[in-house]
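Letter 179 of the sequence shown, counting from 1, is numbered 697 in our numbering, and no numbers are missing.
Think of the CB as a built atom: it goes at the ideal place given N, C-alpha and C, for glycine as much as any other residue.
If you're wondering where the values come from, they're calculated on a predicted model, not measured in any experiment.
To start, the structure under review is shown below, and the notes come after it.
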Amino acid sequence: WFDALENAFEVDHGNQAGSGTWDECRRGSAAEAGIYLSRVDTDSATYTVAHTSHPKVSYRHVKGTTVHSVLLDMELDYPVDRVWAMGWEFEYLDTWNPFAIEPTVLDNDGDRTLVLYFAVWLPWPFHPRENYIHVKWSDALDEHGCFFVTLHDIEFENKLAESYGGGSKERPSKKKKKRERASILKGSSAWVWPVREGGGGKSRVLFSVHADPLVFSPPNWLVNFVLKLMAPTIYKALQKALHKVYVEDPHSLYARRVQEKELYHTMR
């Protein structure tokens with residue numbers, strides 16, 4: 519299954535090789551968005567729905583492997599640029615996400631690509647799982663009406679976690695040793711659509727994540743905790759944060775960055 523997944527997501531990009539026109543690169547990214555999205559549509563019947571209300575959460579485990587897949591589908595009452603900033607201004611993720619630990623931007627390539635470090639809190643007896651992720655987004659509005667994001671371990675980009683020194687923030691060695699590395703696999707992705715029906719001003723976000731949490735056979739209570747508690751909790755925290763930083767405090771850091779950065783002007 520994993521080999522088939524890998525093969526399905528191998529798309530040649532001119533911009534990755536430093537060649538090709540911008541239009542060619544954009545079309546390549548849009549084609550990739552379509553491939554990923556069609557794969558989600560095809561595979562969705564093999565998932566079990568774990569949470570039916572907002573957000574909708576579906577889950578699949580490939581037997582005999584450590585691969586666990588989650589679909590997270592949610593709608594938010596804010597335009598795309600404001601929703602996007604809540605994740606793209608990554609170093610502030612822990613101001614609203616209660617499970618995020620030390621979110622750090624390790625590297626960036628303009629407004630399109632980030633290399634990120636973060637850890638995810640898990641309940642006892644499990645230690646936090648840390649991640650080194652390569653994130654890249656592209657404009658697929660014309661073809662699919664969305665902005666498209668790929669996210670996966672930096673090793674898929676021929677980068678090593680060791681080269682970043684374990685993140686840019688100093689951590690006690692004892693604490694660091696307790697953090698185990700999880701893996702976000704190639705094929706993980708996200709789509710963000712502007713919802714135009716009903717006057718617009720809303721966004722739909724779909725995450726498709728394939729992960730190896732380093733737990734070969736996690737107990738059911740842990741799976742239920744992640745799917746039925748963590749995901750809805752993050753969704754509610756995001757809703758509250760959006761209201762706080764854009765309505766209650768229109769001069770907040772998020773609001774200022776959305777107004778000042780060219781990235782968000784382009785999205786609007």
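- Query: With a Cβ-Cβ cutoff of 8 angstroms, do residue 776 and residue 599 count as a contact?
  - Reply: Less than 8 angstroms separates the beta-carbon of residue 776 from that of residue 599.
- Item | Spatial distance of residue 623 from residue 612 (CA atoms) | Between the alpha carbons of residue 623 and residue 612 lies a gap of roughly 13 angstroms.
- Closest by CA to residue 630, which one among 604, 780, 655, 647? If we check each option's Cα against that of residue 630, 655 comes out closest.
- Item | Best match in 767, 786, 744 for proximity to residue 617 [C-alpha to C-alpha] | Residue 744 holds the alpha-carbon nearest to the alpha-carbon of residue 617 among 767, 786, 744.
- If we call anything under 8 angstroms between Cβ atoms a contact, is residue 666 one with residue 721? Contact: no.
- Item | Local conformation of residue 738 per DSSP, three classes | Residue 738: helix per DSSP, three-state reduction.
- Measure the alpha-carbon distance for residue 673 versus residue 679 and round it to whole angstroms. If I take the Cα positions, the gap works out to 8 angstroms.
- What do you reckon, is the C-beta of residue 730 under 7 angstroms from a heavy atom of the ligand NAD? You won't find the ligand NAD in this model; it holds no ligand whatsoever.
- Query: With distances taken between CB atoms, is the gap from residue 772 to residue 607 smaller than 8 angstroms?
  - Reply: Going by C-beta atoms, residue 772 is nearer than 8 angstroms to residue 607.
- Item | Rounded straight-line distance, which links the Cα of residue 747 to that of residue 638 | C-alpha separation (whole angstroms): 14 angstroms.
- Message: Which residue wins for smallest C-alpha separation from residue 605, given the options 587, 589, 588, 634?
- Response: Shortest Cα-Cα distance from residue 605 to any of 587, 589, 588, 634 involves 634.
- Message: In the DSSP assignment, the alpha helix (DSSP H) including residue 774 goes from what residue to what residue?
- Response: Taken as a continuous stretch (DSSP letters only), the alpha helix (DSSP H) holding residue 774 covers 771-778.
- For residue 577, which option in 567, 583, 585, 571 has the closest C-alpha, if you only look at C-alpha atoms? Looking only at 567, 583, 585, 571, the smallest Cα-Cα distance to residue 577 is reached by 567.
- Item | Runs of alpha helix (DSSP H) wholly within the segment 643-727 (minimum 4 residues, chain order) | Segments of the alpha helix (DSSP H) lying fully in the segment 643-727: 659-662, 691-695.
- Nearest to residue 714 by CA position, among 659, 704, 645, 783, is which residue? When C-alpha distances from residue 714 are compared across 659, 704, 645, 783, the shortest belongs to 659.
- Can you name the residues that DSSP bridges to residue 635? Assignment of beta-bridge partners to residue 635 by DSSP yields 622, 650.
- Query: According to DSSP, is residue 542 helix, strand or coil?
  - Reply: Annotation note: pLDDT 42 at residue 542 (below 50); position unreliable, coordinate value reported separately. When DSSP states are grouped into helix, strand and coil, residue 542 belongs to the helix group.
- Query: What number of angstroms, rounded off, separates the C-alpha of residue 760 from the C-alpha of residue 572?
  - Reply: Taken atom to atom, the span from the alpha-carbon of residue 760 to that of residue 572 is near 16 angstroms.
- Item | Rounded C-alpha distance that separates residue 614 from residue 770 | Each residue's alpha carbon lies about 13 angstroms from the other.
- Grab me the residues of residue 645's own chain with a C-beta within less than 8 angstroms of its C-beta, minus the 5 sequence neighbours each way, in chain order. Taken in chain order, the residues that qualify are 696, 697, 698.
- Query: According to DSSP, is residue 574 helix, strand or coil?
  - Reply: Note: residue 574 maps to strand in three-state DSSP.
- Tell me, please, which residues DSSP counts as bridged to residue 730. Note: residue 730 is bridge-paired with 701 in the DSSP secondary-structure output.
- May I ask you to report which of helix, strand or coil DSSP gives residue 588? When DSSP states are grouped into helix, strand and coil, residue 588 belongs to the strand group.
- Task: Quick one: using the 10 Å Cβ neighbour count with 16 as the cut-off for buried, is residue 647 buried or exposed?
- Result: Residue 647 is buried by the Cβ-count criterion.
- Message: Quick check: residue 601 and residue 727, are their CB atoms within less than 8 angstroms of each other?
- Response: No, they are not a contact pair.
- For residue 737 and residue 664, the rounded distance between their alpha carbons: Straight-line Cα distance between these residues: approximately 36 angstroms.
- Decide if residue 701 is buried, meaning its Cβ has at least 16 other Cβ atoms within 10 Å, or exposed. Within a 10 Å sphere around the beta-carbon of residue 701 sit 16 or more other beta-carbons, which makes this residue buried.
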